[in-house]
Every structure is written in C-alpha cells, then in structure tokens.
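Peer 1: Residue numbers (the numbering used here): 441 to 1115. Have a look at this one before I ask anything.
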DNA sequence: CCACAGGATCTTTTT
DNA sequence: GATCCTGTGG
C-alpha cells in the first residue's frame, strides 16, 4: 500500500520520530498521505486505533477520511479510531470533563445566530452591523485565548465589547451553554490548569494528525500543542497558499510558529500535483506568485498541457447563469461527460440562486454544496429548540423558541414578566414556572399554558434520560411531533407547497436522528450536541452519488476536484470581495496593512478555485451586476490579469449575447451537434 | 395582551 | 427570496 506513494509522500507517511509538517500543495495527495499514515500506524506499527486521532475542519473532510481509511484498514483494527473535526473532539472532551468546568453533561451548544441574539439583548440595539462587529470581536478574542480581564480596550467600542464579553460569558454559564469557540477554548483552559485532566488526555492520544493546518487559529494551535506535549508525536498537513479562514481567526503564522516551537520539526514538501493539466496549474502558480509565501514550492504535474483557460465577459448575471448552464449542457453531450464532472464556483452564497434558476430552466441536475445550512431552516431550528430544551432546561433561548412555536397562548409580555422574575430569582425561565411565587408576577390565566407546556417537557425529559433500550428515540420523537402538532402548524402558516416542503424537512431530520441513534447506540439527548456541529444533513449513500453538477462557494470547494470548472463573478468587488465602504469607521483610515492582507486572502481563494479544475477552467465576469436595487458597472477581477493569459483567443464575449430565448436554444443545439 | 399581515432591507466566506 | 420589524385587528 505504502508503495503506491511517491517518495515524498512515503517519507511523510512513515516518519514517526517526532513532530512532522507536511507542506502539501493543491492536489498533491495530502489526504492520501494522512490515510496511509493512519494505516501504517495501525497495520505496521502496532498502534491501537483508539489511540490515534485525526482532526479536520469540516465534517465532509472527516467523513471522506473515514471512508478512505476503512478501505485500507481492517474493520476490526480501525474500530475506535477518532477522525473528526476540532469542534467534534471539543464536544467529546467537554462532555467527559464537564464537571471540572461547572458544566452539566448535557450542556447546550449555541450557534452564531443564538449568540447574536444574546448579544443583541445586551447591547440594547437593533443595529445588526454593530452586533455583528461585537460578536466577531468576542469570537476573535476567544480564538486568541484572551479572557475579558486580559483585554486592554483602546477605543470606546472595544471597551463596550469587553463589557459585553464579560456579560455574555456569564449568560452562557447561566444557560449551561457554550458557543462554537468555547468547544476549543474550554478544553485548552482546562488542560492548562488541571494537571490530572491534562495528563490523561496527553497519554490517551498517542498519535495526532491535523489536516488543513494553515486554517488553525491560536486556540487550536495551543490545543494541539497541549495534546501532544507528552509524546510530541504528530503530523500537521497544510498549505499556506490555501489559507482562507483568516476572518475566522486562523493565522498562517501557526505554520512558522511550528518551526520555532519544535526545533526538530521534520518538514516535507509535496510538490507533484496529481490533479490538473499545465494550463490550469500555470494560471494558479502565476496568481499565487503575487503573494508572499512562507515556504517556496513549485507545483508540477504530468497530465499534459491541457486546453487554454477561457475568460468570458457577460452583460449581466442572468446572462452569466444562463450561458454557464448552456456551456455545461453542451459539454455534457459533446464530451459525453457526466453531470457530476462539472462544478460552478462562486464567492457568495447569494450567487447560487440565480444559477439554480437557470439550471432548473435548462433541466440541468445540480446539488448545492455548502451554502445555507439545512439546520438553519426555521422548521429545523424549531424542532431542535425542543430537543435542546429537553436535554438542558436551562437553555433559555431554546425555551423561548419552543414555548412560542407553535403559539400556545404565551406571548411577549408573559415572557417578559417571566424573564424579570427569573432574573430576580437567579434561575432559568423553565425553572421559574415552578417557582412558588411565580403567580405574583403572572396571572393564573397566562400561567396555565406555561405549566402545561413545562409538564410535558418534563415528562419527555425524564424518559429521555433513561437508557436507550427502555426508551427508543423513535417513540419520543413521534410523541413530541404529535403533541406539538407541528405539521398542522406548518399548514396553518404557509401555503400547501411550502408547508409540505417544510414538513418533509422535519421528517428528514427525524429520520436522520432515528438512524443515527440506532447506528451509534445513542440516546436522543446525546445526539442533540452533535447536531449543533453538523452543517448539512448527510444524505444516504445512494443519494450522494447522484449525477449532478456541483454548485459551491469557493470556501466549501476546498478539497474537491472536478474535470470541468466554471468560476462565475470573477469581478473586482466580488472577487476580491470588498465590503461596503461606509460600513463602520472611516474607509480612509482603514489601515493599508489590513487591506493588503485581505486582498492576499482573496487571492488565495482565487487560487483554491483555480486548482479545483482538472482539465478545463472557464472564468466569467459581468459588465453589469445588480446590487440591492442599483445596477452597477463592473470590471474584471485583477486576478484575471495576474493569470497572464496573453492569448486573445482565451478572452471571449458571451456567445449568446443579445439572443432571444429561441435563438439561444438553437445556438445550444448547434453547440451540441458540433463540438 | 396576543397574533398576523405586509413592508423594508439585506447578502462574504463556516465550525 | 427570506428574514426582520412595524403597524393594525382579534
């Protein structure tokens, strides 16, 4: 098995003497190295699977890795192997060590939306931009392992944010909740000042592998360092040219820091690309050459020269979507390629909508990867609020959502009274209902629906905590659905088509929960925490192998590859993306250093996009694009110039320009007949 | 005191 | 197109 690797890959896979950094260019087979290394550890070196941990950033990457490991390692031997995201390991860690942090085992995990709402109340404003800024600031502080007390506020805004941060922390504690950042931060804090816990985890993980290392933030760096401090055996795999999560606190400096912190660090470069033809690779290399880089590397491949890259200018975004669809359609028939050989990549999620519309009209099957999460849908959040409340009745946000959806005669004012009462009694909203003096603030008439609701939740709760065999999750879920009459609720509030759609989502969620509960032998309440980390509903095996064009954001496309790639909206302002000038603070003062760094990150994003293509790459940009109501004139992205496409042949204008629907169709037919 | 209907306002990227 | 916010009716 190991023999199928090239010399550098092999070296990376079998190096075990100490810390190891693998600098893996795009398409250089880094997943292969990681999976082979895991196999090597288990098959050749006698490591127990349970003592190996591999960390990724996305569930998708984790899932793929699990699959690939299972192909090369015997099932019995790979049992107990941990391959998951940083955050998922964080959940596992915190559940196990909850008591050391004054946290209950079934703490809630708040997503960004929940956190935003909490902050909104504390700031006392509806200004969404301001809330976002504060939320981001707090998140950044957390990712840099800064406690409220560590912060020396330089501006009034920062002082305000610090105040909120303190307040926010206290609120989370009261809710028995943690946010996404805490899933990494709290384990670090605990390991730092609890020797017993620290020791236990250090000895439990005998080998650690980290994927996409360039996307780690300070907190994650520290966690890796702590977890491996005892044996110092780990492999980090990354590519500084593909770092695209600085906005989330990730810092490429972590790669450099590694060389400083570990003087015996073994650095291995993977430079052979197994994915792309020369034209694609050259374009990628040319673009990224405009960025400074930490480690010099030159990608090469042996897949041949390839077709020239095409750049097409479009009149507007409708034309763009339609033309891309038609080109894909034509290529699908001409090249006898499958739909799934094509991808359309874009900067922002909102761009997907118009492409979807065009694809539906053209009858092109597609799947959207990334983008709006299944778990962000209102109906899903509703159901999850119930589950969260059942798992943790101190979760006030979940309580508020559940008790008001569907409406059961509990409104704003009642909740406000209950809230004030709960604050005075220092208890959760849910607990306040059962407080003996609650009738002093809430009239009997308002109290009745509250009590009814709380009794029901308590009943389910009691049974949900029992062992799996006694109380099947299926029974509890079905009972919950029946009690809250959610299907009726949906039909009362939406037209039939929409309601049916939403109800189907709920059924899908239920199916998923039931299946998962059975697979992993878990109780319903144990599953709730895992859901918080999942962005997309994992489809069944058959469904995910369907033949369809992939629509994806550039961010979500990392790690994927496609024979034919279209990147749309390659325009100044969109890629590189520019924030609104008048957002906050003055744009002139917006310091230059920051601007340069932002452009560099956008350039890496462009690089990621280009390197997704195996054989053919097409870039499109629009001369006009609608933004809100105004139609703006646009210019091609600077990155197009940077690719150094001198050949004028590569620059085309929309082949369907100015045509009527009928003419376009005729043109398409012609394209299909004549390659 | 509660619920709903219609209007304005967005849209970077994600665990 | 979807979510928030506001004003009006039950």
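All C-beta atoms, glycine included, are put in the ideal place defined by N, C-alpha and C.
Bridge partners for residue 754 per DSSP, in chain order?
Peer 2: DSSP lists 1062 as partners of residue 754.
Peer 1: What does the alpha-carbon distance come out to for the pair residue 1048 and residue 932?
Peer 2: 45 angstroms
Peer 1: Mark residue 593 as exposed unless 16 or more other C-beta atoms lie within 10 angstroms of its C-beta, in which case mark it buried.
Peer 2: exposed
Peer 1: What distance in whole Å lies between the Cβ atoms of residue 754 and residue 760, which are believed to be in contact at a cut-off of 8 angstroms?
Peer 2: Rounded, the Cβ-Cβ distance is 4 angstroms, consistent with contact.
Peer 1: Three or more C-beta pairs under 8 angstroms: does that hold for the stretch 777-784 against the stretch 988-1002?
Peer 2: yes
Peer 1: With a cut-off of 8 angstroms on the beta carbons, I'd call residue 733 and residue 680 a contact; round off their distance for me.
Peer 2: 6 angstroms
Peer 1: With a threshold of 8 angstroms, are at least 3 pairs of Cβ atoms found where one atom belongs to the stretch 659-667 and the other to the stretch 471-480?
Peer 2: Between the stretch 659-667 and the stretch 471-480 there are fewer than three C-beta pairs closer than 8 angstroms, too few to call the two in contact.
Peer 1: Considering only residues of the same chain and omitting the five flanking positions on each side of residue 1029, which have a CB-CB separation below 8 angstroms?
Peer 2: With a pLDDT of 49 at residue 1029, under the threshold of 50, the modelled position of this residue cannot be trusted; read the value that follows with caution. Once the five neighbours on either side are set aside, residue 1029 has no close Cβ partner at all.
Peer 1: Does DSSP classify residue 905 as helix, strand or coil?
Peer 2: coil
Peer 1: Looking at residue 454 and residue 649, is the spacing between their C-beta atoms short of 8 angstroms?
Peer 2: no
Peer 1: Is it right to say residue 864 is buried, meaning 16 or more other beta carbons lie within 10 angstroms of its own, or is it exposed?
Peer 2: exposed
Peer 1: Given a cut-off of 8 angstroms on the beta-carbon distance, is the pair residue 746 and residue 727 in contact?
Peer 2: no
Peer 1: If you pair each beta-carbon of the stretch 1034-1044 with each one of the stretch 695-711, do three or more pairs fall below 8 angstroms?
Peer 2: no
Peer 1: If you run the structure through DSSP and keep just helix, strand and coil, what is residue 1017?
Peer 2: The DSSP-derived three-state label of residue 1017 is strand.
Peer 1: Is the beta carbon of residue 623 closer than 8 angstroms to that of residue 486?
Peer 2: no
Peer 1: So what's residue 716 in DSSP terms, helix, strand or just coil?
Peer 2: coil
Peer 1: Pick from 819, 550 and 494: whose alpha carbon is nearest that of residue 934?
Peer 2: Distances from the CA of residue 934 to each of 819, 550 and 494 were compared; the closest alpha carbon is that of 819.
Peer 1: With distances taken between CB atoms, is the gap from residue 1013 to residue 1061 smaller than 8 angstroms?
Peer 2: no
Peer 1: Would the stretch 663-672 and the stretch 624-637 be scored as touching if the rule is three or more Cβ pairs under 8 angstroms?
Peer 2: yes
Peer 1: For the alpha helix (DSSP H) that contains residue 499, what are its first and last residues?
Peer 2: 499-512
Peer 1: Assess contact between the stretch 959-977 and the stretch 825-833, defined as three or more Cβ pairs (one per stretch) separated by less than 8 angstroms. Is contact present?
Peer 2: yes
Peer 1: Thinking C-alpha only, which one of 797, 504 and 550 is nearest residue 969?
Peer 2: 550
Peer 1: Just confirm the distance between the C-beta atoms of residue 724 and residue 1051, as a whole number of angstroms; I'd bet it's less than 8 angstroms.
Peer 2: 5 angstroms
Peer 1: Could you check which residue in 469, 488 and 544 has the C-alpha nearest to that of residue 835?
Peer 2: 544
Peer 1: Compute the distance between the beta-carbons of residue 569 and residue 559, then report whether it is under 8 angstroms.
Peer 2: no
Peer 1: How long is the line joining the alpha carbons of residue 971 and residue 943, rounded to whole angstroms?
Peer 2: 19 angstroms
Peer 1: Out of curiosity, what's the CA-to-CA distance linking residue 716 and residue 555?
Peer 2: 42 angstroms
Peer 1: Nearest CA to the CA of residue 838: which residue from 847, 826 and 849?
Peer 2: 826
Peer 1: Tell me which residue opens and which closes the alpha helix (DSSP H) that residue 633 is part of.
Peer 2: 622-633
Peer 1: To the nearest angstrom, how far is the alpha carbon of residue 527 from that of residue 498?
Peer 2: The straight-line gap from Cα to Cα measures roughly 9 angstroms.
Peer 1: Whose C-beta lies closer than 8 angstroms to the C-beta of residue 1104 among residues of the same chain, with five residues either side of it excluded?
Peer 2: Counting only Cβ-Cβ distances below 8 angstroms, and skipping sequence neighbours, we find 762, 766 and 1096.
Peer 1: Leaving out the 5 sequence neighbours to the left and right, which residues in its chain are closer than 8 angstroms to residue 1085 when beta-carbon positions are compared?
Peer 2: 723, 748, 749, 751 and 1091
Peer 1: Using a threshold of 8 angstroms, state whether the C-beta atoms of residue 1075 and residue 1064 are closer than that.
Peer 2: no
Peer 1: Can you tell me which residues form a DSSP beta bridge with residue 461?
Peer 2: 676 and 707
Peer 1: In terms of residues, what are the limits of the alpha helix (DSSP H) holding residue 574?
Peer 2: Run containing residue 574: 568-583, per the alpha helix (DSSP H) assignment.
Peer 1: Please check the pair residue 705 and residue 698, which I expect to be a contact at CB under 8 angstroms, by giving their CB distance rounded to whole angstroms.
Peer 2: 6 angstroms
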